[in-house]
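Inspection log for the structure reproduced underneath, given as structure tokens.
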Amino acid sequence: MTDVALAHGRLAGLDEIVDVGRDAGRGGWSRHVWDAAETELRTWFVERAERLGLDVETDRNGNLWAWWGAPGPDAVVVGSHLDSVPGGGEMDGPLGVVSALDAVALLQAQGVRPTRPFAVVVFAEEEGSRFGIACLGSRLLTGSVSPDRVRALRDADGVTFAEAAAAHGTDPRHVGADPDRLARIGVFVELHVEQGRALADLDGPLAVASGILAHGRWRIDFTGQGNHAGATRMTDRRDPMVAAARGILAVRDAVRGDDRATIGRIEAVPGGTNVIPSRVTTWLDARSDLDDDTRDLVARITASATEAAAAEGCDARVTEESWSGRVVFDPALRDRLAAGLGGVPALPTGAGHDAGVLAGHVPTAMLFVRNPSGVSHAPEEHAELADCVEGVVALTTVLRGLL
Ligand code: HGY
Ligand code: MN
Ligand code: MN
Ligand code: MN
């Protein structure tokens, strides 16, 4: 391994960024598109890529592309994302970006020179933590989301995507599908820390991805009557917090089989301790193996939210915010990679990825690196050095076979 890859018991690149975006309040890391932490990671990426002799450009949607040689058709593209969920782990995203750069360093140390265009890519807003739509950068690239809708998206401070983009050199008037750039991609490979513990149970360091669950995000607004906490008898209330509480408990009862449904975020308006809220909003993340199963799950949750609201004299409104159908990765490419790595297992995942968005447009594959506890989207997310190194070596092997 080159010295750039290994240091201090972890991949050197991860050490270079480990202090960026630490979230003392939540624990873990918070790095959201174009905030101070993610902007610092962008700067790190450009500097690290340029040290490797790569030429970095930012596309019309804020995604970063580090080209090894001239951009061109049938490119091998490898990468992931640098943003995180609030209070997330340090590896979800960055491990894939660091490993891609380390793989370039290793290929260069091995004297390999690309025989076809090659780029390391960093997709913007993969977690959707700032503007609400997951995989926003790859969805914009592939024309999978309306640019008008995206431009108007607001973050928690009321800043629009358009304003944030413009403040960071991305002209919002130009965001949207980038068919010429998409057509250049011959194959996309993403390495990612595993989110779940299948590899721990299999006692193996690596896997290729077989597919991704269907998943989406819905906003559920419970509206009632705002009022005074002390002057309003309990019998005179139309309290959306009580409706939301019933609706949240009903989510668990709505799942069937291996469905996954989560309410990870709730907001009361106006949010005063001595105020009965006028509105309570919850955000639902629902996933299942099949598109129809996910749709059916959300239909059950919608029915129970409506019922919970009516019981409190409130209303409930469910709005779809984003949707990703079930992904099956190209089996021939998947099996070719697995065989080239000595027969690593192929695993499905419940976690969404930019690779899931690209898979609908170009040959795409994923590599997973073991996460001993399986915990992710939390500070405890982890991967051992030896497995990270195996990941870099495996990614290098995969890329050699493609270059
Ligand atoms: O939500 C997901 O599955 C991914 O981490 N964005
Ligand atoms: Mn994630
Ligand atoms: Mn991720
Ligand atoms: Mn008062």
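So the number in my numbering is just where the residue sits in the sequence shown, counting from 1, plus 2.
Even glycine gets a Cβ: it sits at the ideal position worked out from N, Cα and C.
On a predicted model such as this, the values are computed, not experimentally measured, just so you know.
- Here the segment 150-161 does not lie against the segment 39-48, with fewer than 3 beta-carbon pairs under 8 Å apart.
- Residues whose Cβ lies closer than 7 Å to any heavy atom of ligand 2, listed in chain order: V87, G90, D94, G95, E128, E129, Q197, A353, S378, H379.
- At least one heavy atom of ligand 1 lies less than 6 Å from the C-beta of A136.
- Shown here, F224 sits in a strand according to DSSP, grouped into three states.
- Judged by DSSP secondary structure, A263 falls within the beta strand (DSSP E) whose first and last residues are 262-271.
- With a beta-carbon spacing of about 2 Å, E383 and G91 fall inside the 8 Å limit used to define contacts.
- DSSP links G213 through a beta bridge to V330, P350.
- If the five residues before and after V20 are omitted, its C-beta is found closer than 7 Å to the C-beta atoms of E92, all from its own chain and listed in chain order.
- For the set S324, I303, D61, the Cα lying nearest the Cα of G171 is the one of D61.
- About 17 Å separates the Cβ atoms of G145 and A167, ruling out a contact at the 8 Å cut-off.
- Counting along the chain, no beta strand (DSSP E) covers F133, and no H or E run does either.
- The residue from L208, H34, H194, E18 with its alpha-carbon nearest to that of A340 is L208.
- If you ignore the 5 residues before and after R50, its C-beta comes within less than 6 Å of the C-beta of L103, all in its own chain and listed in chain order.
- Straight-line spacing of the CA atoms in G362 and L184 works out to 11 Å.
- With three or more CB-CB distances shorter than 8 Å, the segment 213-232 counts as touching the segment 312-321.
- Look at the beta carbons and you see the segment 326-345 touching the segment 204-219: at least three pairs across the two are nearer than 8 Å.
- About 6 Å separates the beta carbons of G64 and G139, which is inside the 8 Å limit, making them a contact pair.
- When secondary structure is reduced to three states using DSSP, V395 falls in the helix class.
- For V122, DSSP records a beta bridge to A68, V80.
- Of all alpha-carbon atoms in A38, G81, L56, V100, the one lying nearest the alpha-carbon of V391 is that of V100.
- Here the C-alpha atom of L299 lies approximately 14 Å from the C-alpha atom of T308.
- The C-beta distance from I303 to A263 rounds to 7 Å, short enough to meet the 8 Å contact threshold.
- For V282, the enclosing beta strand (DSSP E) begins and ends at 281-290.
- With distances taken between CA atoms, R336 lies nearest to E192 out of A353, E192, T41, P242.
- The beta carbon of L404 sits closer than 7 Å to those of V78, V189, all from its chain and outside the five residues before and after it, given in chain order.
- For the set S290, A385, A256, the Cα lying nearest the Cα of P350 is the one of S290.
- With at least 16 other beta carbons inside 10 angstroms of its own, T296 counts as buried.
- In this structure, V106 and W70 form a Cβ contact; the two beta carbons are roughly 6 Å apart against a cut-off of 8 Å.
- For the set R141, F120, D150, R151, the Cα lying nearest the Cα of P181 is the one of R141.
- For S86 and A233, the gap between their C-alpha atoms comes out near 43 Å.
- Restricting attention to L109, S306, H230, the CA atom closest to the CA of A252 is found in S306.
- Apart from sequence neighbours up to five positions away, the residues of its chain that approach R156 with a beta-carbon distance below 7 Å are T162, ordered along the chain.
- N276 is classed as exposed because its beta carbon has fewer than 16 other beta carbons within 10 Å across all chains shown.
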